[in-house]
Amino acid sequence: MWNSERNMEAPQSPVKTAAVLVIGDEILSGRTQDTNSGAIARFLMGFGIDLKEIRVVSDDQAEIVAGLNALRTRYDFVFTSGGIGPTHDDITADAVAKAFGVDIGYHSEAYALLEARYPPGDFNDMRKRMARIPHGASLIKNTVSVAPGFHIGNVYVMAGVPMVMRAMLEAIAPEMPRGVTVTSVTISAQIPEGAIAETLAAIQKANPTVSIGSYPFYSEAGPGTQLVARGRDVQIVEGAASAIEAMLREKAVRFERL
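This is how it looks when you write it as structure tokens:
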């Protein structure tokens, strides 16, 4: 067995990027709906970290390794979800060890936590699998069911059960870098997006540092569009939002900020 310590500092940081690797045949089959990616996205937004990609792979070691290696070299952080339980198809820990080229074995702290959780005789070999952690990784605390996640390099390996995964996010929050958060303004307008697409494109061109999204909806009043301006400079975002509102007034369109 072995142990390690984690660096608990939370340095200030410029804009960082992240990806999510969702692991599990149950997601790809449609049996289980992925809610963890949304939770991770909201978590990262609070730290000013941009989630750039979400990828889903099956319970296949080669696919997990390939996905993990592709994402961890491209983004500052990678969050995996799923595949760290006690069953035969929980192979994420082994795949992460292979991706990093390290050995895997029982982590002394994880083993002790799990052993204490079960009555004598119930801590069987399959449950012991949850204490197998890649060498060099540090544990992520699990306040719900004890079995920990782990952090190695720029990869955070999290549980697939949503309640447990959210508890793990809370555990790592103190060590996440804090950048400039994104400001978002949402304007709901009672007009089809095709009727404002050309003018909206001009507003986007005039505000290159602001991301402007157009999202159509339908209600009893007819077709409408939600227009979202997002960026890190509050004044520039407000300027883009004001330009959108001026465009809607000119077209005599009913709208409101949400």
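With this note's numbering applied, the sequence shown covers 978 to 1235.
Heads up, the beta-carbon is just placed ideally off N, CA and C, and yes, glycines get one too.
These figures come from a predicted structure and were not determined experimentally.
### Query
Short check: CB of residue 1128 to CB of residue 1121, under 9 Å?
Position 151 of the sequence shown holds residue 1128. Position 144 of the sequence shown holds residue 1121. Taking 9 Å as the Cβ cut-off, residue 1128 and residue 1121 do not qualify as a contacting pair.
#### Entry: Proximity below 9 Å, CB of residue 1176 to CB of residue 1191
Stepping through the sequence shown from its first residue, residue 1176 is reached at position 199. Stepping through the sequence shown from its first residue, residue 1191 is reached at position 214. It is not a contact, given that the beta carbons lie outside the stated cut-off.
### Ordered list of alpha helix (DSSP H) runs contained in the stretch 1054 to 1142, each at least 4 residues
1069 to 1077, 1085 to 1094, 1102 to 1105
### Message
According to DSSP, simplified to helix, strand and coil, what is residue 1165?
### Response
Taking the first residue of the sequence shown as position 1, residue 1165 is located at position 188. Of the three classes helix, strand and coil, the one that applies to residue 1165 here is strand, per DSSP.
### Task
Between the Cα of residue 1216 and those of 1228, 1204, 1184, spot the shortest distance and give me the residue it belongs to.
Start at 1 with the first residue of the sequence shown, and residue 1216 comes out as number 239. When each option's Cα is compared against that of residue 1216, the closest is 1184.
### Message
Does residue 1102 pass the burial test, meaning 16 or more other C-beta atoms within 10 Å, or should it be called exposed?
### Response
On the sequence shown, residue 1102 is found 125 positions in, with the first residue counted as 1. The residue in question, residue 1102, is exposed, as its Cβ has fewer than 16 Cβ neighbours within 10 Å.
### Query
Considering only residues of the same chain and omitting the five flanking positions on each side of residue 1095, which have a CB-CB separation below 7 Å?
Position 118 of the sequence shown holds residue 1095. Hits under 7 Å: 1104.
### Nearest-angstrom Cα separation, counted from residue 1056 out to residue 1075
To locate residue 1075, count along the sequence shown from 1; it is residue 98. To locate residue 1056, count along the sequence shown from 1; it is residue 79. Cα to Cα, residue 1075 sits roughly 17 Å from residue 1056.
#### Entry: Start and end residues, beta strand (DSSP E) containing residue 1203
As a first step, residue 1203 must be located in the sequence shown, where it is residue number 226. From DSSP, the beta strand (DSSP E) with residue 1203 extends over 1199 to 1208.
### Query
Under 9 Å, do residue 1070 and residue 1060 count as touching if we go by C-beta distance?
Position 93 of the sequence shown, counted from the start, is the residue given in the question as residue 1070. Position 83 of the sequence shown, counted from the start, is the residue given in the question as residue 1060. Taking 9 Å as the Cβ cut-off, residue 1070 and residue 1060 qualify as a contacting pair.
### Task
Please name the residue, chosen from 1149, 1224, 1111, 1034, that lies closest to residue 1054 on a Cα-to-Cα basis.
Position 77 of the sequence shown holds residue 1054. Comparing Cα positions, the closest option is 1149.
### Query
Which residue or residues does DSSP assign as beta-bridge partners of residue 1234?
Numbered from 1 along the sequence shown, position 257 holds the residue referred to as residue 1234. 1164, per the DSSP bridge assignment.
### Task
Take the Cβ of residue 1067 as the centre, count every other Cβ of all protein chains shown within 10 Å, and call the residue buried at 16 or more, exposed below.
For the purposes of this step, residue 1067 is taken as residue 90 along the sequence shown, with counting starting at 1. Under this definition residue 1067 is a buried residue.
#### Entry: Opening and closing residue of the alpha helix (DSSP H) in which residue 1215 lies
Counted from its first residue, the sequence shown places residue 1215 at position 238. Counting along the chain, the alpha helix (DSSP H) containing residue 1215 begins and ends at 1211 to 1227.
### Task
Pull up the distance between the alpha-carbon of residue 1092 and that of residue 1100, whole angstroms please.
Within the sequence shown, residue 1092 is the residue found at index 115, counting from 1. Within the sequence shown, residue 1100 is the residue found at index 123, counting from 1. Going from the Cα of residue 1092 to the Cα of residue 1100 covers about 6 Å.
### Nearest-angstrom Cβ-Cβ length linking residue 1025 and residue 1158, presumed shorter than 8 Å
Looking up residue 1025 in the sequence shown gives position 48. Looking up residue 1158 in the sequence shown gives position 181. The Cβ separation is near 4 Å, so the contact holds.
### Query
Are the beta-carbon atoms of residue 1230 and residue 1181 separated by less than 9 Å?
Along the sequence shown, read from residue 1 onward, the residue named residue 1230 stands at position 253. Along the sequence shown, read from residue 1 onward, the residue named residue 1181 stands at position 204. It is not a contact, given that the beta carbons lie outside the stated cut-off.
### Query
What are the boundary residues of the beta strand (DSSP E) that includes residue 1191?
Translated into positions along the sequence shown, residue 1191 becomes position 214. Residue 1191 -> beta strand (DSSP E) spans 1188 to 1196.
#### Entry: Neighbourhood of residue 1032 by C-beta distance below 6 Å, restricted to the same chain and skipping five residues each side
Locating residue 1032 in the sequence shown gives position 55, where the first residue counts as 1. Here the set comprises 998, 1044.
### Query
How many Å lie between residue 1235 and residue 1214 at the Cα?
As a first step, residue 1235 must be located in the sequence shown, where it is residue number 258. As a first step, residue 1214 must be located in the sequence shown, where it is residue number 237. Approximately 15 Å, taken between the alpha carbons.
### Task
Measuring alpha carbon to alpha carbon, tell me which of 1225, 1228, 1189, 1082 ends up nearest residue 1209.
Numbered from 1 along the sequence shown, position 232 holds the residue referred to as residue 1209. For the residues 1225, 1228, 1189, 1082, the minimum Cα distance to residue 1209 belongs to 1189.
### Outcome for residue 991 when other beta-carbon atoms lying within 10 angstroms are tallied against a minimum of 16
Numbered from 1 along the sequence shown, position 14 holds the residue referred to as residue 991. Flag for residue 991 reads exposed.
### Task
Go to residue 1031, then tell me how far its beta strand (DSSP E) extends in each direction, as first and last residue.
Taking the first residue of the sequence shown as 1, we reach residue 1031 at position 54. Run containing residue 1031: 1026 to 1034, per the beta strand (DSSP E) assignment.
### Query
Ordered along the chain, which non-local residues of its own chain (more than five positions away) have a Cβ less than 6 Å from that of residue 983?
Counted from its first residue, the sequence shown places residue 983 at position 6. Per-residue confidence for residue 983 stands at a pLDDT of 45, beneath the threshold of 50, marking its modelled position as unreliable; no derived number is given.
### Task
Measure the C-alpha to C-alpha separation of residue 1139 and residue 1013 and round it to an integer number of angstroms.
Looking up residue 1139 in the sequence shown gives position 162. Looking up residue 1013 in the sequence shown gives position 36. Approximately 6 Å, taken between the alpha carbons.
### Query
The alpha helix (DSSP H) spanning residue 1176 covers which residue range?
To locate residue 1176, count along the sequence shown from 1; it is residue 199. Unbroken alpha helix (DSSP H) run through residue 1176: 1174 to 1183.
### Query
How big is the Cα-Cα spacing for residue 1079 and residue 1019?
The count along the sequence shown starts at 1 and reaches residue 1079 at position 102. The count along the sequence shown starts at 1 and reaches residue 1019 at position 42. Roughly 32 Å separates the two Cα atoms.
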